[in-house]
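Below: the structure, in structure tokens.
In this note's numbering, the protein residues as written are 211 to 382.
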């Protein structure tokens, strides 16, 4: 066997080794990337869960007219809660703050911004939600209002993605 053939064989073997090493490196990188993506997803879920827990004592109300300015808003809510059977809950130290959200883009100007109320205790919020549910959607006092949990953006998006499937299940 002459030296040229030996050199060619060595060159081909080196190419194969290099290709195998590159394939192994690519495989390792792919595994590392998949592991990192899994970790990121897990951390995002934990972060959303923590944000949702921080918002647990918040109540979001949709439909309160914009004419109820910041000063009149608290009075309006006291009156509303008294009408649905919750006495003095918002006046006491049970309320940490009340404010309106920024209007999201794409929402008509005629629609009022949502109101967020943060209660000092989760139980107060639950009493209000249960009282509103017990009256039902046809009650005149609540006809234009919607009570809901204050959730993180990611949780809201996930829930919206499930809505078509839930609607199909309700129709059955």
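Quick reminder that beta carbons are idealized off the backbone N, C-alpha and C, glycines included.
Nothing here was measured: the structure is a model prediction, and the numbers come from that model.
Excluding residues up to 5 positions away in sequence, 323 lie with their Cβ nearer than 7 Å to the Cβ of residue 313 in the same chain.
Looking at the DSSP output, residue 271 sits in a beta bridge with 325, 357. Non-local beta-carbon contacts of residue 347 in its own chain, meaning distances under 7 Å to residues more than five positions away in sequence, are absent. One Cα belongs to residue 374, the other to residue 381, and the distance between them is close to 11 Å. Under the criterion of beta carbons closer than 8 Å, residue 343 and residue 293 do not qualify as touching, at roughly 15 Å.
When the Cα atoms are used, residue 246 and residue 256 turn out to be separated by approximately 15 Å. Per DSSP, the continuous beta strand (DSSP E) segment holding residue 306 begins and ends at 305-310. Contact check for residue 360 and residue 270: beta-carbon distance about 5 Å, within the 8 Å limit, so the pair qualifies. A check of alpha carbon separations from residue 337 across 218, 254, 310, 267 identifies 267 as the nearest.
When the beta-carbon positions are compared, residue 306 and residue 280 stay at least 8 Å from each other. The alpha-carbon separation between residue 234 and residue 335 amounts to approximately 56 Å.
Rounded to whole angstroms, the Cβ separation of residue 308 and residue 290 is 12 Å, and the two are not in contact under 8 Å. For residue 293, the enclosing alpha helix (DSSP H) stretches over residues 280-293.
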